[in-house]
Structures are given as C-alpha cells and as structure tokens.
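In my numbering, the protein residues as written are 1 to 131.
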C-alpha cells in the first residue's frame, strides 16, 4: 500500500493577506487623490455658469483624501470655496441652478473607475497576490 498526501504551506499566503489592508489603504488613497483632481479640473474647465470675476472657478479645488479604506473612512471632497457657490450649484428661488461639481464627477466616471482598478491591481502586486 502507498499513501499519498499533499501539503500546502499557507505561510506566504497569510503574509500576503496580512499586508493587503495597508496596501489597499495606500493605493486607494492615491487613486482617490487623482480622481478628485480630475473632477476639480473638469469642473473648472466645463461649466454653464458665467463667472464674471473668476472667483468661483478659481475656488474649485480637491482637498487631500482623509481616512483609511480599511476602516471604511476614506473620503475626499471637491469643493467650490466661495460664499455663493452653493447658490450657483443648487439655484435659488430667483435663479436657475448651474450644477457644476456633480456633472464634473459624472464626466469623470470612467477615469475614476480606471484609477480604482489600477489601485487595486497595484495593491495586489505589492502584496505578492498578483504577479
């Protein structure tokens, strides 16, 4: 009688999986930073409102991402930092709305997905789970 068996050393897999949360945190923060910058650029470049002074357009910016993906707190804000920006975006009872941040994000959906895909791939490569 012959007895055959298989051994599977899970040590390297466990080490790779242990490093995955940190790799995802780093890679997805970068992807979010790139995505927010693209949305801000798009909002500045393409908008329906008339910016007589240029203040509103110059005030559009992407803040640095905050939080960690592994803690479900990773977020970034793209803002127009003037007192009247929300009135332009939403409109008032006397004026029509000229949304510019939401449409800029929609125009960049493919780019955002591309950044996320690249970040996930980079995180998997960094941990050795993808070669």
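The beta-carbon is built from N, C-alpha and C at its ideal position, and this holds for glycine as well.
Buried is the label assigned to residue 115, since at least 16 other Cβ atoms lie within 10 Å of its Cβ.
In this structure, residue 86 sits away from residue 24, with a CB-CB distance that is not shorter than 9 angstroms. Selection 12, 52, 60, 54 evaluated against residue 43 yields 60 as nearest (Cα-Cα). The beta carbon of residue 82 sits closer than 8 angstroms to the beta carbons of 55, 56, 59 from its chain, once the five residues preceding and following it are set aside; these are given in chain order.
Rounded to the nearest whole angstrom, the C-alpha separation of residue 49 and residue 66 is 30 angstroms. Counting other Cβ atoms within 10 Å of its Cβ, residue 80 reaches 16 or more and is therefore classed as buried.
Taken through DSSP and simplified to helix, strand or coil, residue 68 comes out as coil.
Cβ-Cβ separation between residue 119 and residue 31: approximately 4 angstroms, consistent with a contact (criterion under 8 angstroms).
Taking every protein chain shown into account, the CB of residue 29 has 16 or more other CB atoms within 10 angstroms, so this residue is buried. Using a 10 angstroms sphere on the CB of residue 100, the tally of other CB atoms reaches 16 or more, which defines it as buried.
As computed with DSSP, residue 79 is found in a beta bridge with 61.
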